[in-house]
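Everything on this sheet refers to the single structure shown next.
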């Protein structure tokens, strides 16, 4: 980059799953010249789904441009997909960004903003199929790159996503140095991190406890696509 | 637990490596009855080593008791080890806690508080040997349990640590359900997450760029142990 800085915007919202972006934030801020900005529709403090309070987020409208825009996921994507300010600012930043990215259900928000038309994208396993309604092609990989769109799967996939993106931007040696710094040699105590691996009962229970959230999510996507259809007709 | 709540205190400090505790926070808050508290010596906002601002931390002195106390690591441990308020309150909370825990170089702070005498403990690879000076037995495992002391290795080991602790507290089924929820089926793009695996040049460069930090860390540990020696003589 000419000016030697790499502006990374994490576009967050109330009820975000914080690990979706705190993992990538810890990785991407270690890139040479990186300057990360935590931004939200209205600015000010944002409370995550697990109760952490992120102070001092910048209003998205005040961010002039960025090299990377990253949208995390979480229960709050249901509202974010229909937040006109959030979506408009996300579109604006994405138009000038080198990399358009998401982690977890953040890809639904990219889709709601019309940024995934015909693109392969990752998502949290439970919401992955919903990407189709938003014009994207669901991909079960943990990290998916389609052109300048790079998306990660559920929550912890953000770390794999960020190291992959780090290598694209600064090369493998830099990315490996970051991996060493964060001692990322994962060793999960169990092997239940994907529905294909977890006991069927646990998968069923996870779906059951998220049933209302998923109903609301589907309803939100229907409204988003209906509005988009109305726009295209008009 | 009689009162059905599980109070988890993350004792943080300026210049903390946020992923050390944001990973465990996302995991442990999903335990039944969990109530997490972000606390610091003075309360108020805390800025992490990568520039995130955590608002609304509670002064440690205002936390009456907890079931789990967890100390993360980061560059800020150098100062935290010598912060009399932080150390005194950590000791007080640890005395009443069911689990005394740390992630990354947080174990150095536990050690500085005299909580690791003769205990095996994990640490970030670069600082692991320093545990000996603080009375602990350095252990290269990613998650180490010694009695009610559970410690994780560097940064991302916090997720493995938290799932291990979750299983101890609520059983394997609950822990696996959490693992599925955060889609923790890690797939690092490279295999450089430990010094034994990374190219020698990268390990050397990591040590070189941390040289000043490590000198200051060793000096802090010397002062801590000298003061402790003086106390024991007096």
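Chains as they are written, first to last, in the numbering used here: chain A, -17 to 216; chain B, -17 to 216.
Yeah, the Cβ is synthetic: ideal placement off N, Cα and C, and Gly gets one too.
Supposed close pair residue i, residue j - CB separation, criterion 8 Å
i              : j              : result
residue 8(B)   : residue 142(A) : At roughly 16 Å, the Cβ-Cβ gap does not stay under 8 Å, so residue 8(B) and residue 142(A) are not in contact.
residue 184(B) : residue 159(A) : 5 Å
residue 20(B)  : residue 83(B)  : Actually they are not in contact, since the Cβ atoms of residue 20(B) and residue 83(B) sit about 15 Å apart, beyond 8 Å.
residue 111(A) : residue 79(A)  : No, residue 111(A) and residue 79(A) are not in contact; Cβ-Cβ is about 27 Å, not under 8 Å.
residue 6(A)   : residue 85(A)  : 6 Å
For residue i, the three-state DSSP class (helix, strand or coil)
i              : result
residue 6(B)   : helix
residue 128(A) : strand
residue -13(B) : coil
residue 68(B)  : helix
residue 135(B) : coil
residue 104(B) : coil
residue 0(A)   : coil
residue 150(B) : helix
residue 184(A) : helix
residue 197(B) : helix
residue 91(A)  : helix
residue 12(A)  : coil
residue 211(B) : helix
residue 144(A) : helix
residue 34(A)  : coil
residue 206(B) : helix
residue 45(B)  : coil
Residues near residue i in its chain [Cβ-Cβ closer than 8 Å; skip 5 each side]
i              : result
residue 207(A) : 115 and 116
Same chain only: Cβ atoms within 7 Å of residue i, ignoring 5 sequence neighbours per side
i              : result
residue 93(B)  : 113, 116, 117 and 118
residue 204(B) : none
residue 220(A) : Because chain A in this structure spans residues -17 to 216, residue 220(A) falls outside the shown range and cannot be described.
residue 109(A) : 87, 90 and 199
residue 130(A) : 80, 81 and 82
residue 177(B) : 107 and 185
Residue(s) in a DSSP beta bridge with residue i
i              : result
residue 20(A)  : -8(A)
residue 26(A)  : 39(A)
residue 81(B)  : 50(B)
residue 120(B) : 103(B)
Contacting residues, own chain, Cβ-Cβ under 6 Å from residue i (five flanking each side not counted)
i              : result
residue 124(B) : 135, 139 and 142
residue 3(A)   : -8 and 54
residue 17(A)  : -13 and -11
residue -17(B) : Its pLDDT being 44, under 50, residue -17(B) is placed unreliably by the model, and the measurement read from it follows with that caveat. There are no such residues.
Residues of the stretch 158 to 169 of chain B with Cβ closer than 8 Å to any Cβ of chain A, in chain order: 158, 159, 161, 162, 163, 164, 165, 166, 167, 168 and 169
Using a beta-carbon distance cut-off of less than 8 Å, what residues from the stretch 98 to 124 of chain A approach chain B? Hits within the stretch, in order: 106, 107 and 124.
Using Cβ-Cβ distances below 9 Å, what residues of the stretch 73 to 92 of chain A are close to chain B? 86
Using a Cβ-Cβ cutoff of 8 Å, what residues of the stretch 121 to 154 of chain B are near chain A? List them in chain order. 124, 125, 135, 136, 137, 138, 139, 141, 142, 145, 146, 149 and 154
Taking beta-carbon pairs under 8 Å, can you tell me which members of the stretch 179 to 200 of chain A lie near chain B? Residues passing the 8 Å Cβ filter: 179, 180, 181, 184, 185, 187 and 188.
What are the residues of the stretch 16 to 42 of chain B that lie near chain A, defined by any Cβ-Cβ distance shorter than 8 Å? 18, 20, 27, 32, 33, 34, 35, 36, 37 and 38
Name, going along the chain, the residues of the stretch -11 to 11 of chain B whose beta-carbon falls closer than 8 Å to a beta-carbon of chain A. -1, 0, 1, 4, 5, 7, 8 and 11
Identify each residue in the stretch 44 to 77 of chain A for which the Cβ-Cβ distance to at least one residue of chain B is less than 8 Å, and report them in chain order. Going along the stretch 44 to 77 of chain A in chain order, one finds no residue with a Cβ nearer than 8 Å to chain B.
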